[in-house]
Amino acid sequence: MSEELPLDFAQVPMDILVILIADMLDRLMAHNDLIPLLPESLTRFHSRTAPSISVLDYLRRIVRYTNVEKSCLLLTLHYIDQICARMPRFTLSSLTCHRFIIASITVSSKGLCDTFCTNNLYAKVGGISVSELNVLEREFLDKIDWRIMCTRDLLQEYYVNLVRTHTSGKYYVIGTQSSVGSASDDGDEMDTTQSRPPTPAVGSAILIDLNRPVEVKPTIEQNMAFAALQELDKD
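The opening position of the sequence shown corresponds to residue 1 in the working numbering, with each subsequent residue numbered one higher.
Now the structure itself:
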């Protein structure tokens, strides 16, 4: 059964927005998890193993304990496009998604909201240490070149795209003819090109990094981290 959603993202129920974002991130991770992990692809957002909590439950936990605003949740998608444009080797995968999300919420809430939580709380909710979150926050801001804002119109585009491409195909925005898109036809509609800052195309992060640069060599730190991951896999 189809479900009608408000035209304005600010009016959509919070849990529905969380469901829409989690669905998009799950599809992105499923694609990127198929890309072999190389030493030069490692970033500070990589964890040794994929967290056991799902992205949907993780987002719901953040919403419950931090009272995050809807615009900050949608900004996570914009930040993905920004970082993917500046770091062609970065992919949002099961190893990077959770840390990326908590860093994104921390940055956007501090930059855009009148009230926000302390890093101690964000870290606790995100399941990492506060020192680790501090490092991720600095890395995050550096990678997006401190461009923490975007237009409301762009956030609205992200919202509409989430509804249009949701796996179930049951959602549609008021004023449209019917629900559009399902998991079977998403691939034909999503933009597979890399985004260009500061206003990337909506959905451009869905199929990223298909043509990897071949001349960039891993740093010593990346080689050491990659070796540690391999040893962990052996265990």
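For each residue, glycine too, the CB sits at the ideal point set by N, CA and C.
Where the beta strand (DSSP E) through residue i begins and ends
i: V173; result: Y171 to V173
i: L5; result: E3 to L5
Own chain residues within Cβ distance below 7 Å of residue i, not counting five before or after
i: F100; result: F45 and L92
i: V68; result: I62, I105 and S109
i: L141; result: V107
i: I144; result: Y79, Q82 and I83
i: V135; result: R44
Distance between residue j and residue i (C-alpha atoms, nearest Å)
i: S104; j: L5; result: 25 Å
i: Y122; j: T66; result: 7 Å
i: V173; j: V12; result: 10 Å
i: L133; j: R164; result: 33 Å
i: T115; j: R64; result: 15 Å
i: S71; j: T49; result: 29 Å
i: R239; j: P39; result: This structure gives no information on residue 239, because the portion of the chain shown stretches from 1 to 235.
The alpha helix (DSSP H) enclosing residue i, as first and last residue numbers
i: F140; result: V130 to K143
i: S285; result: Residue 285 cannot be examined here, being either before or after the span of the chain that is shown, 1 to 235.
i: I16; result: M14 to N32
i: H166; result: From DSSP, H166 is part of no alpha helix (DSSP H); its letter is neither H nor E.
i: A85; result: K70 to R86
Residue j beta carbon less than 8 Å from that of residue i
i: V55; j: L25; result: yes
i: L7; j: G175; result: yes
i: L73; j: V160; result: no
i: D75; j: L155; result: Going by the sequence as given, residue 75 is Leu instead of Asp. Yes; because the gap between Cβ atoms is below 8 Å, this pair is in contact.
i: I53; j: L162; result: no
Cβ-based neighbour list, residue i, same chain, cut-off 6 Å, excluding 5 preceding and 5 following
i: D15; result: none
i: P51; result: H98
i: C117; result: T66
The ligand SAH heavy atom lying under 7 Å from the CB of residue i
i: N32; result: The ligand SAH is absent from the structure shown, which contains no ligands of any kind.
Exercise. Say whether the segment 26 to 39 touches the segment 92 to 103, bearing in mind that this needs 3 or more beta-carbon pairs closer than 8 Å, one atom from each stretch.
Key: yes
Quiz item: If you pair each beta-carbon of the segment 80 to 91 with each one of the segment 41 to 59, do three or more pairs fall below 8 Å?
Solution: yes
Practice problem: Determine, using beta-carbon pairs with one atom in the segment 114 to 129 and one in the segment 162 to 178, whether at least three such pairs fall under 8 Å. | Solution: At 8 Å Cβ cutoff, the stretches do not touch.
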